[in-house]
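*Asks:* This structure is in structure tokens; I'll ask about it shortly.
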Amino acid sequence: MPAAVRLLWCAVLALWPVPALAQAVDPPPGPYVVDARAAVSSLPQDPGFYPPAPTSTLIPTRGLGVDVGGHVYLLGLGPARIGLGASFARMTGKVSSTTTSGSGSSTGPPAPPTRPDVDTTVRFITPQLSLNFGSARGWSYISAGVGQTLVRTGTSPFAGSTSSTAPLTPARTLQTAALQTINVGGGARWFKTRHVAFSFDVRFYKIAARAKEGVRTPAMMLMTAAAGVSLK
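Just so you know, our numbering puts 251 at position 123 of the sequence shown, and the rest follows in order with no gaps.
In structure tokens form, the structure reads like this:
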């Protein structure tokens, strides 16, 4: 009997930790995730990114848009899991420089604007290699990569003076070539259900200078902040 009791105790001690360990250990981040987020970003401020306009013309400082992307998680590296993916963000901002002015005469047509409205669209194509810390229920990450940025700007028609007969400068657009961009950022994802998470990302873009057809755009740094959902 004592031998049987000892055998029973050995069996209990061997089996008891198994369910506890199974509940305590969560799987690592992944295996994949798709992000869809609303975003805000800074926009280019250098005149080299814009068509010629009067020096008093206002330009947008912030843009709103979307940030979408996907990532897969490949293997572990110490406490982290390595991820590989990419995102695409499109940001747009617009500002009006139009001021109210009198017409050339009390019965004549209204005076044309002497400063244009300006719109800016920036597109980021962002490959990323990431280090992810946490579990499949939620994780934080840091990531970096080299991609491209494209900037398109436009101005509305404007006149050289407030005279109703002043000639108008037509609307113009300026499109940059693809600008090499280093991106560095981080964020987190918290899964409220098995497949849906709240996520955010903050990212910095170091954009290289480039000359195209005699037009040179200077180097610059832009930033985006995005929040939305992640699916897996």
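C-beta atoms are modelled at their ideal positions from N, C-alpha and C, and glycine is treated no differently.
Quick one: grab the DSSP three-state call for residue 176.
*Replies:* Correct three-state label for residue 176: helix.
*Asks:* Compute the Euclidean distance between the alpha carbons of residue 355 and residue 252, then round it to the nearest angstrom.
*Replies:* Spanning the two alpha carbons is a distance of roughly 16 Å.
*Asks:* Using 10 angstroms around the beta-carbon of residue 230, count the other beta-carbons present and answer buried if the total reaches 16, otherwise exposed.
*Replies:* Any reading at residue 230 must be qualified, since the residue scores a pLDDT of 45, below 50, and its modelled position is unreliable; no value is offered.
*Asks:* So, residue 180 versus residue 243, is the Cβ gap smaller than 8 Å?
*Replies:* No; because the gap between Cβ atoms is not below 8 Å, this pair is not in contact.
*Asks:* Output the distance between the C-alpha atoms of residue 246 and residue 328, rounded to the nearest integer angstrom.
*Replies:* Near 30 Å, if we compare the C-alpha coordinates of residue 328 and residue 246.
*Asks:* In the structure shown, what three-state DSSP assignment does residue 339 receive?
*Replies:* Three-state result, residue 339: strand.
*Asks:* Just mark residue 195 as buried or exposed, buried being the case when its beta carbon has 16 or more other beta carbons within 10 Å.
*Replies:* Classification of residue 195: buried, given that the 10 Å Cβ count is 16 or more.
*Asks:* CB-CB under 6 Å to residue 326, same chain, minus the five flanking residues each way: which ones, in chain order?
*Replies:* Here the set comprises 318.
*Asks:* Any idea which residues DSSP pairs residue 202 with across the strands?
*Replies:* Answer by DSSP bridge pairing: none, since residue 202 is not bridged.
*Asks:* Got a sec, what are the start and stop residues for the beta strand (DSSP E) residue 307 sits in?
*Replies:* Segment 307-319, the beta strand (DSSP E) holding residue 307.
*Asks:* Where do the ends of the beta strand (DSSP E) carrying residue 273 lie?
*Replies:* Note, residue 273: beta strand (DSSP E), 266-283.
*Asks:* For residue 221 and residue 286, what's the separation of their Cα atoms in angstroms?
*Replies:* Answer to the nearest angstrom: the Cα atoms are 19 Å apart.
*Asks:* Starting from residue 359, trace the beta strand (DSSP E) in both directions and tell me its first and last residue.
*Replies:* Unbroken beta strand (DSSP E) run through residue 359: 348-359.
*Asks:* Give the secondary structure of residue 329 by DSSP, where H, G and I count as helix, E and B as strand, and everything else as coil.
*Replies:* Three-state DSSP puts residue 329 in a strand.
*Asks:* Name the DSSP bridge partner or partners of residue 247?
*Replies:* Answer by DSSP bridge pairing, in chain order: 222 and 282.
*Asks:* Taking the alpha-carbon of residue 154 as reference, which of 322, 177, 333 and 349 has the nearest alpha-carbon?
*Replies:* The shortest Cα separation from residue 154 among 322, 177, 333 and 349 belongs to 322.
*Asks:* Is it true that the CB of residue 177 sits closer than 8 Å to the CB of residue 279?
*Replies:* A contact, by the Cβ cut-off of 8 Å.
*Asks:* Are three or more beta carbon pairs between the region 187-202 and the region 163-177 nearer than 8 Å?
*Replies:* These segments touch.
*Asks:* Where residue 249 and residue 271 are concerned, what is the direct C-alpha to C-alpha distance, given to the nearest angstrom?
*Replies:* When rounded, the distance between both Cα atoms is 24 Å.
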